[in-house]
Amino acid sequence: MISPLASIHPNAQLGNNVTVEPFAVIHDNVVIGDGSHIMSHAVIMPFSRIGKECRIYPGAVIGAIPQDLKFIGEETSVEIGDYTTIRECVTVNRGTKDKWKTSVGSHCLLMAYVHIAHDCIVGNNVILANGVQLAGHVEVGDYAIIGGLAAANQFTRIGAHTYIGGQSAIRKDVPPFVKAAREPLSYAGINIVGLQRRNFKQEQIDIISRIYHLLFIGNHSTSTGIQRIVDELPDTELKSEILYFIQSSKIGVIKRFSKDGNED
0 MISPLASIHP NAQLGNNVTV EPFAVIHDNV VIGDGSHIMS HAVIMPFSRI
50 GKECRIYPGA VIGAIPQDLK FIGEETSVEI GDYTTIRECV TVNRGTKDKW
100 KTSVGSHCLL MAYVHIAHDC IVGNNVILAN GVQLAGHVEV GDYAIIGGLA
150 AANQFTRIGA HTYIGGQSAI RKDVPPFVKA AREPLSYAGI NIVGLQRRNF
200 KQEQIDIISR IYHLLFIGNH STSTGIQRIV DELPDTELKS EILYFIQSSK
250 IGVIKRFSKD GNED
């Protein structure tokens with residue numbers, strides 16, 4: 000159902016069975032997939048691409064231009080996957096010429112007042128709780144969960160299957176499969192509950208646990224921990240994934256929290 004009180008540009012492309020409530024605004028050069036629901040006072044701006052069966056709640060703004068002074072009007076986009084829910088007052092900005100798009104995957108939940116800045120890449124099945132703020136160029140892996148009021152600095156990466164506690168300041172990369180909390184943000188164990196819910200086998204969880212034990216437990220550098228992982232553990236896909244993430248980090252990864260309140 001499309002309300003006659005909605006403002007929809009004639010060039011917008013709406014799929015089958017799309018619902019647009021009164022006072023929603025859909026601009027030119029917008030594509031919305033089948034079965035999606037755009038609620039009252041949501042605004043979908045130019046160059047937005049929204050998948051099927053999405054739910055966009057009142058006050059959300061999708062596709063506004065970047066809050067980046069280097070942006071000079073280049074034709075960039077926002078892409079939202081299928082079955083994603085975007086709650087009240089969420090903002091997702093267009094990309095810049097760095098990546099040319101900002102993207103959010105499928106089956107995600109963006110709770111109220113989340114902000115996703117230009118050139119962020121958010122994977123599938125991600126949950127961003129109320130008030131999470133992602134600065135530009137942040138990458139979030141599949142199945143990551145970030146607690147309310149957490150904020151990520153520019154260019155940080157958050158690995159797949161991570162759990163980050165609320166009100167965290169994310170200044171360094173968070174490798175996959177871990178929990179992170181405290182200030183400064185620190186390793187708090189592996190995300191066992193999340194991995195079990197996603198049907199990881201116990202032997203996979205054991206491998207992940209051994210990798211992070213070698214990396215974080217003990218008074219040694221990250222490079223020493225990596226070398227121990229390479230030397231002492233058999234090659235597996237999980238090992239390769241974790242090592243690649245850590246070794247490709249440009250800003251460094253989080254550390255284990257020490258008893259004196261500093262990072263090890």
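Heads up, the final residue of the sequence shown is numbered 263 in numbering that gives the first Met the number 0, and it's a clean run with no missing numbers.
Cβ atoms here follow ideal geometry from the backbone N, Cα and C, with glycine treated the same way.
Query, Result
"G217: first and last residue of the uninterrupted beta strand (DSSP E) it sits in", "No beta strand (DSSP E) holds G217; DSSP gives it neither H nor E."
"Minimum length 3: unbroken beta strand (DSSP E) runs contained in the stretch 169 to 240", "177 to 180, 185 to 189"
"Own chain residues within Cβ distance below 8 Å of S76, not counting five before or after", "F46, S47, R48, G62, R93, G94, W99, K100, T101"
"L242 - DSSP class collapsed to helix/strand/coil", "helix"
"Contact between the stretch 200 to 218 and the stretch 162 to 171 (3+ Cβ pairs under 8 Å)", "no"
"Assigned secondary structure, F256 (DSSP; H/G/I helix, E/B strand, else coil)", "strand"
"Under the three-state DSSP convention, the category D141 falls into", "coil"
"Sequence-distant residues of the same chain with beta carbon closer than 7 Å to I191, five excluded per side", "I204"
"Start and end residues, beta strand (DSSP E) containing R48", "47 to 49"
"Contact the stretch 78 to 97 vs the stretch 105 to 115: 3+ CB pairs below 8 Å", "yes"
"Coarse secondary structure for A159, derived from DSSP in three states", "coil"
"Whole-angstrom distance between G80 and I7, CA atom to CA atom", "21 Å"
"Closest residue to Q122 among S208, L13, R156 (Cα-Cα distance)", "According to the sequence shown, residue 122 is Gly rather than Gln. When only C-alpha atoms are compared, the closest one is R156."
"Inter-residue spacing [alpha-carbon to alpha-carbon] between L194 and L108", "19 Å"
"Identified DSSP bridge partners for Q12", "V30"
"E78 versus G50 - alpha carbon distance", "8 Å"
"Inside the stretch 98 to 142 only - beta strand (DSSP E) runs reaching at least 3 residues", "100 to 103"
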